[in-house]
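Residue numbers (the working numbering): 410 to 727. Cβ atoms here follow ideal geometry from the backbone N, Cα and C, with glycine treated the same way.
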Ligand SMILES: Cc1cc2nc3c(=O)[nH]c(=O)nc-3n(C[C@H](O)[C@H](O)[C@H](O)COP(=O)(O)O)c2cc1C
């Protein structure tokens, strides 16, 4: 498939380590027939050592799907990309991760300060794979070093087929506001498609972001947590003009139950129930007593008890 077919829905699931696993990807796909979904970041160093089947697991209907790699060794990343071609419709290279552990090793956003290496990675991977290649990066490393236009041009020159840009700098991490207007500068400079990312939390913000950025689509991260319908609702709105309202709290709790059941099926009860805990703040919020209930549910290890607690919350008619 060509890039234009992979991104035709104009919305994607942004990669999130420890979050966009097989289960979340499946749930998003069940609510959106054609949005581009993305795996968690897969470390090329780790994948070279161990072929982790949970991280690569997919279903036929997951297409269009992109697999994201991180690292700084061009040939190692290319070898991993070749291995992932069996699963992936597109390979994405992480050049935006801000966390210390990653940038210290010249991976992630540190690549925005190292044009030569970033370009070598893109050139090497591109010359060895048969699926499209994309890069995801930020506005720059610091407020003073916003080199995203120059960087994007070089990525295009080196062979990237598609860009996702998170409209914050590395120094901002996840704070402050994403500056969607800046993305319009990148759009003017490159010919390859660009998806805008950062703070898209609704159909309305998706539309506003597209207006301000002139991007070809939006990538949604954190707002997919706690609402697996959001990406599908944005897809429906942008492509068919159909507006569906956000889910009610009752519906969100039903989604959470399904999410837990799927994780338990994938990982077993002990690991599955613990894994889902990070999602509770997103599914259980915005009603009186939510924080107290989250404090209680997070202590529960058994699937049966978690489900019965959620039944009780629903019976409160919040
Ligand atoms: C928990 C978490 C994990 C993330 N992991 C990745 C990752 O593996 N690769 C990546 O490129 N970005 C990662 N990101 C960044 C997101 O893809 C996205 O750029 C960022 O959250 C901004 O978009 P949002 O406001 O829609 O969440 C992560 C973000 C969060 C919150």
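For residue i, collect the residues of the same chain with a Cβ closer than 8 Å to its Cβ; drop the 5 residues on either side in sequence, then sort them by chain order.
i: residue 479; result: 450, 451, 452, 453, 502, 503, 506, 511, 516, 517
i: residue 615; result: 420, 609, 627, 629, 643, 646, 647
i: residue 551; result: 578, 579, 580
Contact check, residue i vs residue j under 8 Å by CB: the rounded distance?
i: residue 384; j: residue 576; result: Outside the shown range of the chain, which is 410 to 727, sits residue 384, and nothing can be said about it.
i: residue 590; j: residue 622; result: 7 Å
i: residue 634; j: residue 688; result: 6 Å
i: residue 542; j: residue 473; result: With a Cβ gap of about 14 Å, residue 542 and residue 473 do not count as contacting.
i: residue 459; j: residue 602; result: Wrong, their Cβ atoms sit about 33 Å apart, outside the cutoff.
i: residue 612; j: residue 643; result: 6 Å
i: residue 573; j: residue 606; result: 5 Å
With a threshold of 6 Å on Cβ separation, who are the neighbours of residue i within its own chain once the five nearest residues in sequence on each side are excluded?
i: residue 678; result: 712
i: residue 440; result: 637, 638, 641
i: residue 483; result: 529, 530, 533
i: residue 455; result: none
i: residue 651; result: 645
i: residue 567; result: 528, 531, 532
Rounded to the nearest angstrom, what separates residue i and residue j at their Cα positions?
i: residue 604; j: residue 539; result: 22 Å
i: residue 628; j: residue 708; result: 33 Å
i: residue 699; j: residue 600; result: 47 Å
i: residue 447; j: residue 562; result: 23 Å
i: residue 546; j: residue 486; result: 17 Å
i: residue 705; j: residue 692; result: 14 Å
i: residue 672; j: residue 681; result: 5 Å
i: residue 735; j: residue 513; result: This structure cannot speak to residue 735, because the chain is shown only from 410 to 727.
i: residue 462; j: residue 434; result: 15 Å
i: residue 357; j: residue 476; result: Lying before the first or after the last residue shown, residue 357 is absent from the chain, which here runs from 410 to 727.
i: residue 420; j: residue 610; result: 12 Å
i: residue 571; j: residue 544; result: 7 Å
i: residue 714; j: residue 686; result: 14 Å
i: residue 660; j: residue 702; result: 17 Å
i: residue 535; j: residue 632; result: 31 Å
i: residue 656; j: residue 457; result: 41 Å
If we define contact as Cβ-Cβ less than 9 Å, is residue i a contact residue for chain C?
i: residue 701; result: Here there is only one protein chain, and chain C is not present.
Just to confirm, is the Cβ distance from residue i to residue j under 9 Å?
i: residue 431; j: residue 665; result: no
i: residue 496; j: residue 522; result: no
i: residue 696; j: residue 723; result: no
i: residue 423; j: residue 630; result: yes
i: residue 667; j: residue 526; result: no
i: residue 583; j: residue 560; result: no
i: residue 557; j: residue 594; result: yes
i: residue 596; j: residue 624; result: yes
i: residue 725; j: residue 669; result: no
i: residue 498; j: residue 410; result: yes
Whose C-beta lies closer than 7 Å to the C-beta of residue i among residues of the same chain, with five residues either side of it excluded?
i: residue 429; result: 422, 447, 448, 449
i: residue 494; result: 538, 539, 540
i: residue 438; result: 446, 470, 471
Only counting runs of 3 or more residues, tell me where the beta strand (DSSP E) segments fall wholly within the segment 490 to 576, in order along the chain. DSSP assignment within the segment 490 to 576 yields the following whole beta strand (DSSP E) runs of 3 residues or more, N-terminal first: 499 to 504, 542 to 549.
Contained beta strand (DSSP E) runs [length at least 3] in the segment 587 to 612, N- to C-terminal order: Correct list: 603 to 606.
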